[in-house]
Amino acid sequence: MKRVLYKVPLLMYLLLCSSWALAQFTVHGKVTSTDGEPLIGATVLLKGTQLGTVTDLDGTFTLEVPTDRGTLVISYTGYETREIEISPQNKEIEVILQFASEALSEVVVVDVGYGTARKEALTGAVTQIRAEKLEQVPFSSFEQTLQGNIAGLQAVMGNGQPGANVSIRIRGQGSISASSEPLYVIDGVPVVSGNLTVNAETSNPLASLNPNDIESVSVLKDAAATAIYGSRGANGVILITTKSGKAGKPKIDVRTMYGFNDWAIPKSKRLRGLSALEYADLYIEGYVNRGRTVEEAIQLFNNDFPDPITGLPAVDITPDGQGGWTLGEVRVDTRWVDEISRIGATQSIDMSVSGGNDLMRYYASGSYFYQQAPIIYSDLERYSSRLNADISPSDRLTITNNFNLSRTQQHGMNDATRWANPMYNSYLLPPTVPIYDAEGNFYAGHRTIMGANNPVGSLSGDDEQTWTQWRIMDNISASYELLKNLAFKSAWSFDFINYQEFYYRNPRYGDGRNVGGLATETQRNILTWIGTQTLRYEFALGGKHHYDLLAGYEATKTSMRTVYAYGQNFPSPQLRLLASASSPQETFSSLSEYAFESMFFRANYNYDYKYYLSASVRRDGSSRFGINNRYGTFWSIGASWRVDQESFLSDSELITALKLRASYGVSGNAGIGNYVHLRTISYSGIDYLSQPGGAPTQIGNSDLTWEKSKSYNIGLDFTILNSLSGTVEYFNRLSDDLLLNVPVSRTTGFRSITKNFGSMRNQGVELTLDYSIVDRPGLRWSIGGNITFLKNRITRLDKPFTADTHDSKRREEGRDYESYYLFDWAGVDPDTGAPLWYTDSTRTETTSNIAEAQRFFTGQTATPKFFGGFNTNFNWKGLSIDAQFTTSWDNWIYDATAWVIQGDGRFTPRSQTNLVLRRWRQPGDMTDVPKFAWGNTSGSNQRGSTRWLHDGTHIRLRNLTIAWRLSQDMLAHIGGVRSARVYLRGTNLWTWTREKDLYLDPETNFSGIVNSPVPNMKTISFGLDLGF
Amino acid sequence: MMRYIFTLSRYALLPIVFLLTNSCGKDFLDLKPYESLAVEEATKTLDDLDVLLRGVYDQYQNSDYYGRYFILVPDVMSDDVKQNASANRAKEWAEYNGNALDFIPEEIWTEVYEAINRANTVINANIAVPPTAETRKNQIVGEALALRALSHFDLVRIYAQHYGYTDDNSHLGIPYVKEFDQNAEPARMSVREVYDNILADLDEAIRLMSDEFDANRMNKIAAQAILARVYLYMSDWQNAANMATQVIESGVVSLTPTEAYVDAWRSGTPPDGIFSIAFDDIDNNGSNALGRMYIVEGYGDYLPALDLVNLIDSSDVRIQLFKNTGPGGLFGDLRVDKFPSVIGDDDIPVVRLSEIYLIRAEARAMLGDEDGARADVNVIRLRANPNATPITSSGQQLLDDIEREKRIELMFEGHRLWELMRKKRGVYRNDCTSVICEIPYPNDRFILPIPQAEIDANRNMVQNPGY
């Protein structure tokens, strides 16, 4: 609005002036952006004069100039200004303006929450990435793109299931018991995020958003930036702005993409299951080591593993009479892991149209996205549509409505050490168990071993696990300019999620086998409404004092209602809905709500665009807190100094931009359960003899209040020689009055009470650098990167406690939050094949009796010492190559299922991974895998041991894209096409790990715990984008 | 400047108007949960107390308490049970190499104290009722008191050395909790003090409860039966015998006849039931049920030791509580079939009448009434096998015969380890699949460690020696 208003007088002026000039020479031209879109309203000026014009709706202009020599200066907000020589030979010109690279530009407008600001005016730490990085990425949700692109931000998906929840930490783990996830705000509306599931593994509500609809993502990192979100800003804020229409003729964009997905871990490194011969060998050896004779062992094998077709043993094994054995014909050899693996597909088609006029602008899109994991059955499908419209009935009034409808459906499976997890049982199921029985049904004859699971059958339709999310978001707002630059805005938003889960287990094998098949059905409705009223006033006093003031009021309420039903005993495997289940059946429903009420103010001031001051304050109330402490006040102050605007630097060729920033502030965290402050008697799930029961389930704490995050930030933005730009920031973030589940004596009948207690500090340095190696028309090459050094410490915690992280961690004052606390594995005794552990932290003595060993802090943690990303971008005419690497150092990862799938025979007769092939067999063997014996009693597979700890240090080629954009000449031949681009993209193509043989994916969730999830993907995709 | 202030104040009215219209009422933030009630709201009437009392039973169903581990763990530590090759649940305790971080000591401790807190919520609710309702109130409070006593008795058996371990029983017991205090960090009482409290609670419970009988709830006869067991553990033979006599002579419960004995187990209703924890087809622990630790359809982690099986005559009906599932396991073909339900809805016995006969038999033998002792033990022996030769022994042999009969009758009900301990005997496994087959008495490892989580949170808590 402001920009347009400012343009109108300029246009009038230009038109008036040019009409006075003596026309001697006429220049025609067209101004487009790099993606071929005409730029409407770009300014064209003859250098050194006031002669000029602006481009029209097609991006074209005509300018009459006095002489046939001269230089045209073409500029457009958000784009780099270009100068073009004119001459009699060069009077028909085509100008392509480059999008201003963000760090270099001085005219980038950044979403800062309840409004926008120019980047140079920021006093806080805000990083923005724009549409071109988010479009056409083969990820199911946009957050995955943030990884490695933003200093200080870590984004991980601990599960390769398409549509899985993405966890984000901005400047480290902020809380112990409360949430450490940032607040997500879409078009000004704080939205529901975090895992939605009831029983399924993981479902991300943000996967409902089509990444192609996003115009920009702003990440607010320090208190100066987040305090305006007060109580919910402590863990950072991610602002998503969707695309809106611009006045002009309709532009249609069609984007298609197709790709192939494989495991990100190369086949040479990933664990494989055993072959039938390997397993048969292991089977006999395991019994012999347990004191059985070879003959007895063979008999047991033959009994366990018949070939269903012939009735003969799966593998012929014959004793050699000297205590050994030989292997003969193989009749069954199932490679379960290979059988459930596949090359999955990623497919996307997306169409949008945008345009409009002075009265109304629109952006409308429809899209389809489908992605298959490299594991059979696991996939995601999304349909989404969006209509964003702005209507300006008058100069003063603008009404905006953003409407988004989407349906996301996932198929998937369980994780962790559960029989229903195919990523787990495929390693444990012996290769001598067939897939099919003699009738061609999925085999279920192994009922006495391993719950008769058949992952291939389970994932091929015998079982079902589907979760579906419908989401409607509507955001309507009206903005009225009461006075010039004084605007009142009223925004009302609704976010409705309907989430459904369906789960079915067949009656023949697996979890449903004892109950005639079982099914559960879950419906969850989450409704959020938000009303926000703001008043914003921008004005200047005396020419050099600039003010931008904002005041607002916001109220929001979210309710979540869940209905769940369970049934078993189905008449036929074809009938899976609960209508066909017989008794017993179970039902359940629940309802939970929370509300926030807030007032906020923000003031920005600058003197002559040199000295900037900002302050914000927000007062929040939340239903989640005790009656005594329901309201909290959060605030921040920030200042910055644009040194480059000072006279001593204004002419410097060396330093072209320099800005110093500092801020301090307090924001809050309310990321706890909805009714934690109440002392209650609960009745849910408590009953006896079919009569209701009740019990105290929560101690309650009426003093409970906000967790506070107090953070300092000092930043420096600079540009040197117009080619090297960067940002250095130091942050120190103290989370205080933590919403901590403080352990209490269990003799009270409780485990913990939620109190405001304890503190944790995250401090670190972020460095972002971009260097333009070459930048001339037709050829551009740049490199860039960011790195974050992060140190996390629990600074106050009276009582240490053992975390619920698979016996691997302990939280203690003075230590990193993710510190491992383990038995220290000392390898295998070469003489006996027995396991060895160090007895204590001095690591001087070893023992093969776990009872004599102590756990201790081994010095490793899941928090990386540093992480970041680097990229390079090469552009030559229409050809571009983009590469992005991500990295993380010294983050340790713990394999939580290894104690079973590498259990040294502990679980008879479960198969093992190929690591067992290097097991100890005879005295003198130097190896790290102990002696194998069925029912292994050596304790070698002890949980919570460094034997399962791995180095997650890695560098990953996150993205490599080769794209070719057709030139305007070529497009002119085709006709009717505004722009065209084809590309080939590789995601996670290559990974280097410091631990050479690391078999796990080094990208894990923040706890570092890997619990046999769906593997992360490597994707090769190609696409075609067309603009009309 | 004045002009701006004027303009500002003029338009400042607008948002105020909006704030008023948009502003939500005072109780906008005062949201109440839909699935729970404030404590004051939930403890007003006797009906409320009845509901809360069922909460105590609900906790007894917990798979870390009577639902599974509290019964299973002492058995896997004894010589009645051996590990199957694929066992992983509770294996550290079967192998005597567990530690204070393990989930089993942590969960049993936590869940049993939660049962105690639930009972205390009923006991301390202090509702005024009219005289006509006194009986009902007394019954409710009496049940809760007896359950509180039983839970402490359970804890002191599994976390402390037995009564008689020291001459004056001054060795470490457990905290006896009678009131909820969120800041409590109680120290351990001596075993003597714990038993004193148990006796006091049981006496009061028996005084308060009426004669109404329901084998799926705590009742007066059950409290007396448990009291008889407590006296037996205290070697208070006279009181044990007296209390056993009261139970037997009350006639409220009678012995299940021979022909119905096995069927009773098969149908999930323990024979001779004085007090059993009820499970049904909806309210059960599913795959975490006690029985599923034994049966093929479940985890099948544990198998009967032949040390026990070989004691049972082939014509004894109790031999039918084993099932031959054919070859397939590493360690034999027999499975425990005492809790056979595939879905886990077998009731779990807390106390049965047959135990009371055997308590009295031992007490009488110790008091010198060997005729009475033989009569009692033969009731149980002949009920299980009418063709068996009656026991005619005396002296130590009679005590051994009673012990053998008790071992068979109460097998897999979680008694064997404590029977051995109180008699100051070790565990000697002949049919042994564990890394450890002989655990001599006395031994620090016969009891579980205090969980590390309790030590961390309670500055007054002392760990058991040896952990």
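Residue numbers (this note's numbering), protein chains in the order written: chain L, 1 to 1028; chain E, 1 to 467.
Backbone N, C-alpha and C define an ideal beta-carbon position, used for all residues, glycine too.
Other residues of its chain near L/Pro571: CB distance less than 7 Å, five sequence neighbours each side excluded: For the purposes of this step, residue 571 of chain L is taken as the residue at position 571 of the first sequence. Cβ-Cβ distances below 7 Å link L/Pro571 to Ser580 in the same chain, with the five nearest sequence neighbours on each side left out; the list follows chain order.
Counting only Cβ pairs nearer than 7 Å, list the residues of chain E close to L/Val744. If you number the first sequence from 1, residue 744 of chain L lands on position 744. For the C-beta of L/Val744, the chain E residues within less than 7 Å are, from N- to C-terminus, Gln182, Ala457.
List, in chain order, every chain E residue whose beta-carbon is nearer than 8 Å to that of L/Asp687. Translated into the one-based positions of the first sequence, residue 687 of chain L becomes position 687. Arg54, Asp58, Asp283, listed in chain order.
7 Å Cβ shell around L/Val137 - same chain, five flanking residues per side excluded: Taking the first residue of the first sequence as position 1, residue 137 of chain L is located at position 137. Thr145, Pro211, listed in sequence order.
If we ignore side chains and look at the alpha-carbon of each, how far apart do L/Gly626 and L/Leu678 end up? Stepping through the first sequence from its first residue, residue 626 of chain L is reached at position 626. Stepping through the first sequence from its first residue, residue 678 of chain L is reached at position 678. When rounded, the distance between both Cα atoms is 7 Å.
Measuring straight from C-alpha to C-alpha, what distance separates L/Ala21 and L/Val65? Numbered from its first residue, the first sequence carries residue 21 of chain L at position 21. Numbered from its first residue, the first sequence carries residue 65 of chain L at position 65. Per-residue confidence for L/Ala21 stands at a pLDDT of 39, beneath the threshold of 50, marking its modelled position as unreliable; the derived number appears in the next sentence. When rounded, the distance between both Cα atoms is 8 Å.
Measure the Cβ-Cβ separation of L/Leu577 and L/Ala565 and say whether it is below 8 Å. Here the question's residue 577 of chain L lines up with position 577 in the first sequence. Here the question's residue 565 of chain L lines up with position 565 in the first sequence. Taking 8 Å as the cut-off, the Cβ atoms of L/Leu577 and L/Ala565 do not count as close.
If you count every other CB in all the chains shown that lies within 10 Å of the CB of L/Glu285, and 16 or more means buried, which is it? Here residue 285 of chain L refers to the residue found at position 285 when the first sequence is read from its first residue. L/Glu285 is classed as buried because its beta carbon has at least 16 other beta carbons within 10 Å across all chains shown.
Beta carbon proximity, E/Asn22 to chain L, threshold 8 Å: Numbered from 1 along the second sequence, position 22 holds the residue referred to as residue 22 of chain E. Note that E/Asn22 scores a pLDDT of 48, beneath 50, so its modelled location is shaky and nothing firm can be said.
Could you tell me the alpha carbon to alpha carbon distance between L/Phe789 and L/Asp997, rounded to whole angstroms? The residue you call residue 789 of chain L lines up with position 789 of the first sequence. The residue you call residue 997 of chain L lines up with position 997 of the first sequence. Those two C-alpha atoms are separated by around 26 Å.
May I ask you to list, following chain order, the residues of the region 437-456 of chain E that have a beta carbon less than 8 Å from some beta carbon of chain L? Of all residues in the region 437-456 of chain E, Pro451, Gln452, Ala453, Glu454, Asp456 have a Cβ within less than 8 Å of some Cβ in chain L.
Count the other CB atoms, across all protein chains shown, that sit within 10 Å of the CB of L/Lys809; report buried if there are 16 or more and exposed otherwise. For the purposes of this step, residue 809 of chain L is taken as the residue at position 809 of the first sequence. With 16 or more other CB atoms across the displayed protein chains lying within 10 angstroms of its CB, L/Lys809 is buried.
Same chain, Cβ closer than 7 Å to E/His42, neighbours up to 5 away in sequence not counted: Along the second sequence, read from residue 1 onward, the residue named residue 42 of chain E stands at position 42. Note that residue 42 of chain E is Ala in the sequence shown here, rather than His. Cβ neighbours of E/Ala42 beyond the five flanking positions: Asp48.
For L/Leu22, does the three-state DSSP call read helix, strand or coil? Within the first sequence, numbered from 1, the residue matching residue 22 of chain L stands at position 22. For L/Leu22, the pLDDT reaches just 44, beneath the cut-off of 50, and the residue's location in the model is therefore unreliable, leaving the point undetermined.
Could you check whether L/Glu597 and L/Asn1029 sit closer than 8 Å to each other, using their CB atoms as the reference points? As shown, chain L starts at 1 and ends at 1028. That puts residue 1029 of chain L outside it, with no answer to give.
Looking only at C-alpha atoms, which of L/Thr961, L/Arg793, L/Asn235, L/Gly70 sits nearest to L/Asn762? In the first sequence, the residue the question calls residue 762 of chain L occupies position 762. The residue from L/Thr961, L/Arg793, L/Asn235, L/Gly70 with its alpha-carbon nearest to that of L/Asn762 is L/Arg793.
Quick one, which of L/Lys799, L/Leu724, L/Glu818, L/Ser735 has its alpha-carbon nearest L/Ser782's? In the first sequence, the residue the question calls residue 782 of chain L occupies position 782. Of the residues L/Lys799, L/Leu724, L/Glu818, L/Ser735, the one whose Cα lies closest to the Cα of L/Ser782 is L/Leu724.
With 9 Å as the limit, tell me which residues of the region 591-604 of chain L have their beta carbon closer than that to any beta carbon of chain E; keep them in chain order. Here the close residues are Leu591, Ser592, Glu593, Tyr594, Ala595, Phe596, Glu597, Met599.
Name the chain L residues whose beta carbon is nearer than 8 Å to that of E/Asp79? Taking the first residue of the second sequence as position 1, residue 79 of chain E is located at position 79. For a Cβ distance threshold of 8 Å, nothing in chain L lies close to E/Asp79: the least Cβ distance comes to about 17 Å.
Any C-beta of chain E sitting closer than 8 Å to the C-beta of L/Asp807? Position 807 of the first sequence, counting from 1, holds the residue named residue 807 of chain L. So yes, L/Asp807 belongs to the interface.
Please confirm if the region 253-272 of chain L is in contact with the region 66-81 of chain L, defined as three or more CB-CB distances below 8 Å between the two stretches. No, because fewer than three Cβ pairs between the region 253-272 of chain L and the region 66-81 of chain L fall closer than 8 Å, the two stretches do not touch.
Contact with chain E by L/Lys514, beta-carbon distance below 8 Å: Here residue 514 of chain L corresponds to residue number 514 of the first sequence, with the count starting at 1. In the sequence under discussion, the amino acid at residue 514 of chain L is Asn, which differs from the Lys named in the question. Taking 8 Å as the CB threshold, L/Asn514 lines the interface with chain E.
Bridge-paired residues (DSSP) for L/Pro1036: A question about residue 1036 of chain L goes unanswered here, because the residues of chain L that appear run from 1 up to 1028.
Along chain L, which residues have their Cβ under 7 Å away from the Cβ of E/Ile343? For this step, residue 343 of chain E is matched to residue 343 along the second sequence. The contacting residues are Asn514, Val515.
Close beta carbons around L/Thr400, own chain, < 6 Å, minus the five adjacent residues each side: In the first sequence, residue 400 of chain L corresponds to position 400, counting from 1. Counting only Cβ-Cβ distances below 6 Å, and skipping sequence neighbours, we find Asp390, Ser477.
Contact between the region 451-467 of chain L and the region 380-394 of chain L is defined here as three or more beta-carbon pairs at a separation below 8 Å; is this criterion met? Touching, no, given that fewer than three Cβ pairs across the two stretches are closer than 8 Å.
Contained beta strand (DSSP E) runs [length at least 3] in the region 47-76 of chain L, N- to C-terminal order: Runs of the beta strand (DSSP E) inside the region 47-76 of chain L: 52-54, 60-65, 70-75.
Where are the alpha helix (DSSP H) runs, 4 residues long or more, that stay fully inside the region 264-318 of chain E, in chain order? List check, alpha helix (DSSP H) in window: 306-309.
Please compile the residues from chain L whose C-beta is within a distance smaller than 7 Å of the C-beta of E/Pro304. Here residue 304 of chain E refers to the residue found at position 304 when the second sequence is read from its first residue. Under the 7 Å cutoff, chain L gives no residues; its nearest Cβ is about 17 Å from E/Pro304.
Tell me the DSSP secondary structure of L/Leu15 in three-state form. On the first sequence, residue 15 of chain L is found 15 positions in, with the first residue counted as 1. With a pLDDT of 37 at L/Leu15, under the threshold of 50, the modelled position of this residue cannot be trusted; read the value that follows with caution. In the three-state reduction of the DSSP assignment, L/Leu15 falls in the helix class.
So L/Trp635 and L/Lys659 are in contact, right, with Cβ under 8 Å, and what is the actual spacing, rounded? Against the first sequence, residue 635 of chain L aligns to sequence position 635. Against the first sequence, residue 659 of chain L aligns to sequence position 659. Not confirmed; about 23 Å, so no contact.
Where the alpha helix (DSSP H) through E/Gly142 begins and ends: Working through the second sequence from its first residue, we reach residue 142 of chain E at position 142. For E/Gly142, the enclosing alpha helix (DSSP H) covers residues 134-159.
Could you please give me the residues that DSSP links to L/Gln372 through a beta bridge? Counting from one through the first sequence, the residue named residue 372 of chain L turns up at place 372. Its beta-bridge partners are L/Asp379.
Should L/Glu586 be flagged as near chain E, meaning a C-beta pair shorter than 8 Å? In the first sequence, residue 586 of chain L corresponds to position 586, counting from 1. Cβ-Cβ to chain E under 8 Å: yes for L/Glu586.
Strand pairing of E/Val76, partner residues [DSSP]: Taking the second sequence and counting its residues from 1, the one referred to as residue 76 of chain E is at position 76. DSSP lists no partner for E/Val76.
Under 9 Å, CB to CB, which of the residues in the region 113-140 of chain E have a partner in chain L? The region 113-140 of chain E vs chain L, Cβ under 9 Å: Tyr113, Glu114, Ala115, Ile116, Asn117, Arg118, Asn120, Thr121.
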